[in-house]
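Participant: Handing you this structure, nothing more for now.
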Amino acid sequence: MDPARFEHLEPEQGSAIYPMRLQKFLARAGIASRRGSENLMTAGRVKVNGVVVTELGSKVDPLSDVVEVDGLQVKWGAEAVSLILNKPAGFVTTMNDPQGRPCVAELVPTEDHPGLYPVGRLDRATRGLLLFTTDGELGHGLLHPSHHVHKTYLARVSGVPTDSDISALSNGIELDDGMTAPAEVALEETDGQTSLLRLTIHEGRYRQVRRMCGAIHHECLDLQRISFGPLTLENVNEGQWRYLTEKENEALQYAVGKQC
Ligand code: URA
0 MDPARFEHLE PEQGSAIYPM RLQKFLARAG IASRRGSENL MTAGRVKVNG
50 VVVTELGSKV DPLSDVVEVD GLQVKWGAEA VSLILNKPAG FVTTMNDPQG
100 RPCVAELVPT EDHPGLYPVG RLDRATRGLL LFTTDGELGH GLLHPSHHVH
150 KTYLARVSGV PTDSDISALS NGIELDDGMT APAEVALEET DGQTSLLRLT
200 IHEGRYRQVR RMCGAIHHEC LDLQRISFGP LTLENVNEGQ WRYLTEKENE
250 ALQYAVGKQC
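Numbering (numbering that gives the first Met the number 0), first residue to last: 0 to 259.
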């Protein structure tokens, strides 16, 4: 496996970075829970490219390695399920937090869909649309920079950004990890003390929107993601989830270049 093939993925996208641990692959493919997948491995029931793999740290490339359980090939992305969570603030985007903090796994039906995982991340304090899927290929595609999936955020910031602040954000602004790509930015409203910005970006850098607001010296006080590619928060209240409609599933496949 050539690690250089995975270098384009950004750190924020850790939940989908490839190659991945074999037990994670099995869980995401919907075979069993992570623990159940480990048990399958240690029982010698899992083969990778024809070789039994019992070592729990082993990694696979989901797109090219052939994984079998009990002699049957595991299909990556088969019978996939995707859903939207309207994430409340205060939940960490992880399926298992060793520090025991509230995490998004508590808010989605992991029992029914063991391979479910979040596509990208929202900060603990950020609210709004978080997509989950069991389809690793789809999740991977949506995070790939070449697909330019747009995300729209509403940011409540301190003070009143000027026109030139808005232009700076729109044209690209210097952050400590380099210039941001051009974005769509608009001042939605202000009460003189705080203002609401609408920002549409297609990158996914660590705390990007908060850092963009900080770069124009307007602290981000509240952040909500209201859309992810073709998906919106329609029909899903904060703290709730819902399955994607057929139309939304098709639109997502289209976004990663697959026709249905
Ligand atoms: N930008 C941020 O600053 N935080 C998020 O959670 C998402 C985008």
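All C-beta atoms in this analysis are idealised placements derived from N, C-alpha and C, irrespective of residue type, glycine included.
Going by DSSP, what residue range makes up the beta strand (DSSP E) through S145?
Facilitator: Segment: none, S145 is in no beta strand (DSSP E) and carries neither H nor E.
Participant: Answer with buried or exposed for E247, where buried requires no fewer than 16 other C-beta atoms within 10 angstroms of its C-beta.
Facilitator: Looking at its Cβ environment, which holds 16 or more other Cβ atoms inside 10 Å, E247 is buried.
Participant: Is any heavy atom of the ligand URA found at a distance shorter than 6 Å from the C-beta of T53?
Facilitator: No, Cβ of T53 sits at least 6 Å from all heavy atoms of the ligand URA.
Participant: Less than 7 Å separating the beta-carbons of F227 and K150?
Facilitator: Going by C-beta atoms, F227 is nearer than 7 Å to K150.
Participant: Thinking C-alpha only, which one of S57, S163 and G29 is nearest L78?
Facilitator: This sequence places Glu at residue 78; Leu is not what is there. The candidate whose alpha carbon is nearest that of E78 is G29.
Participant: So within the region 143 to 222, which uninterrupted alpha helix (DSSP H) runs reach at least 4 residues, ignoring any that extend past its ends?
Facilitator: Taking only runs of at least 4 residues, the alpha helix (DSSP H) segments lying wholly in the region 143 to 222 are 162 to 170 and 207 to 214.
Participant: Skipping 5 residues on each side, what residues in its chain have a beta carbon closer than 6 Å to that of A185?
Facilitator: Result list for A185: R197, in chain order.
Participant: Based on Cα-Cα distance, which residue from V156, L251 and G99 lies nearest to D190?
Facilitator: When only C-alpha atoms are compared, the closest one is V156.
Participant: With DSSP run on the structure shown, which of helix, strand or coil describes T132?
Facilitator: Here T132 sits in strand by DSSP.
Participant: What residue from G140, G238 and L62 has the CA that sits closest to Y253's CA?
Facilitator: Ranking G140, G238 and L62 by Cα distance to Y253 puts G140 first.
Participant: Going by beta carbon distance, what residues of the same chain come within less than 7 Å of A167, once the five residues before and after it are set aside?
Facilitator: Excluding sequence neighbours, A167 sits near I215.
Participant: Out of T92, V208, C212 and L128, state which residue places its alpha-carbon closest to the alpha-carbon of P160.
Facilitator: Looking at the Cα atoms, C212 is the closest of the given residues.
Participant: For I172, I'd like the list of residues in its chain whose CB is within less than 8 Å of its CB, leaving aside the five on either flank, ordered along the chain.
Facilitator: Hits under 8 Å: M178, T179, M211, A214 and I215.
Participant: Between which two residues does the beta strand (DSSP E) holding R241 run?
Facilitator: R241 -> beta strand (DSSP E) spans W240 to Y242.
Participant: Assign K74 to one of three DSSP states: helix, strand, or coil.
Facilitator: Coil, per DSSP.
Participant: Look up R224 in the DSSP assignment and say whether it is helix, strand or coil.
Facilitator: Three-state result, R224: strand.
Participant: What's the call for V148, buried or exposed, on a 16-neighbour Cβ count within 10 Å?
Facilitator: Buried.
Participant: How many angstroms separate the CA atom of K264 from the CA atom of S36?
Facilitator: This structure does not reach residue 264, given that the chain is present from 0 up to 259, and the question cannot be answered.
Participant: So what's R20 in DSSP terms, helix, strand or just coil?
Facilitator: It is a strand residue.
Participant: Taking its Cβ as the centre, do 16 or more other Cβ atoms sit within 10 Å of T133, making it buried, or is it exposed?
Facilitator: Per the 10 Å Cβ criterion, buried.
Participant: In this structure, how does DSSP classify G127 when only helix, strand and coil are distinguished?
Facilitator: Reduced to three states, the DSSP call for G127 is strand.
Participant: Indicate the three-state DSSP secondary structure (helix, strand or coil) for N85 in the structure shown.
Facilitator: Looking at N85 - three-state DSSP - the assignment turns out to be strand.
Participant: Measuring alpha carbon to alpha carbon, tell me which residue in H112, T125 and D111 is nearest C102.
Facilitator: Nearest C-alpha to C102: T125.
Participant: Taking DSSP as the reference, what is the three-state secondary structure of T270?
Facilitator: Any answer about residue 270 is impossible in this case: the structure gives the chain only from 0 up to 259.
Participant: Hey, could you find the ends of the alpha helix (DSSP H) E249 is sitting in?
Facilitator: Here the alpha helix (DSSP H) through E249 covers E245 to A254.
Participant: Are there any heavy atoms of the ligand URA lying less than 6 Å away from the beta-carbon of Q192, as far as the coordinates show?
Facilitator: No, the ligand URA has no heavy atom inside 6 Å of this Cβ.
Participant: For E67, name the three-state secondary structure that DSSP assigns.
Facilitator: DSSP places E67 in strand when its eight states are reduced to three.
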